[in-house]
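**Q**
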Amino acid sequence: MTKKIALVFYDATCVLCDRAILWLIKNDVESLFYFSHVTSNTAQKQVFIVTTEAISVLTPEGEYLKSSQAVLYLLDKTKRFSLFCSLLKLLPLKILDVFYKILASNRYRWFGQYSNCKVPNKAIKSKFLDY
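Under our numbering, the first residue of the sequence shown carries the number 953, and numbering increases by one thereafter.
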């Protein structure tokens, strides 16, 4: 049976986003995710719009998730944090989206920004497309 892989699109110049991706890789014990920055060739070929404004996930089933829905999906798939995800799911999606938008709007100011995309190290490079 082939493993079903989700594709995660993220803002590679965002320090917070980069750290979140490294955290996901560390907690992705089942190797369910591949990653691509939003300006990559892979992202540009998608039929849906991939932007730096929100993390996006293309699920193995072909569903496109973004913002807080994408975060919930990723947390749920890490298994170790599925309980935390279940608690977050008790909140209405509109409320989660408000918090997500506040964080996304201030992420460069609060956490910083790289001048260009960081190249992943050799140990995790296989998890990234377009490098």
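Don't be surprised by glycine CBs; every beta carbon is placed ideally from N, CA and C.
From 1050, 1047, 961, pick the residue whose C-alpha is nearest to that of residue 996; which is it?
**A** The candidate whose alpha carbon is nearest that of residue 996 is 961.
**Q** Can you tell which of 1077, 1059, 1078 has its C-alpha closest to the C-alpha of residue 967?
**A** Per the Cα distances, 1059.
**Q** Any contact between the segment 1038 to 1056 and the segment 980 to 994? By contact I mean 3 or more CB pairs, one from each, below 8 Å.
**A** Output reads no: the segment 980 to 994 does not touch the segment 1038 to 1056.
**Q** Please report how far the alpha carbon of residue 1037 lies from the alpha carbon of residue 1074, in whole angstroms.
**A** Cα-Cα distance, rounded: 31 Å.
**Q** Output the distance between the C-alpha atoms of residue 970 and residue 964, rounded to the nearest integer angstrom.
**A** Spanning the two alpha carbons is a distance of roughly 6 Å.
**Q** Do residue 986 and residue 1023 have their CB atoms nearer than 8 Å?
**A** Contact: no.
**Q** Per DSSP, residue 1036 is paired with what?
**A** None; residue 1036 has no bridge partner.
**Q** If the criterion is Cβ atoms closer than 8 Å, does the pair residue 1005 and residue 1056 meet it?
**A** Yes, these two residues count as a Cβ contact at 8 Å.
**Q** In whole angstroms, what is the alpha-carbon distance linking residue 1008 and residue 1034?
**A** One C-alpha to the other measures close to 19 Å.
**Q** Is residue 983 buried or exposed, if buried means 16 or more other CB atoms sit within 10 Å of its CB?
**A** When all chains shown are included, residue 983 counts as exposed.
**Q** Near residue 1065, which residues of its chain fall below 7 Å by C-beta distance, leaving aside the five closest residues on each side in sequence?
**A** Around residue 1065: 965, 966, 967.
**Q** Relative to the alpha-carbon of residue 980, which residue among 955, 998, 1029, 1021 has its alpha-carbon at the smallest distance?
**A** Among 955, 998, 1029, 1021, the Cα nearest to that of residue 980 belongs to 1029.
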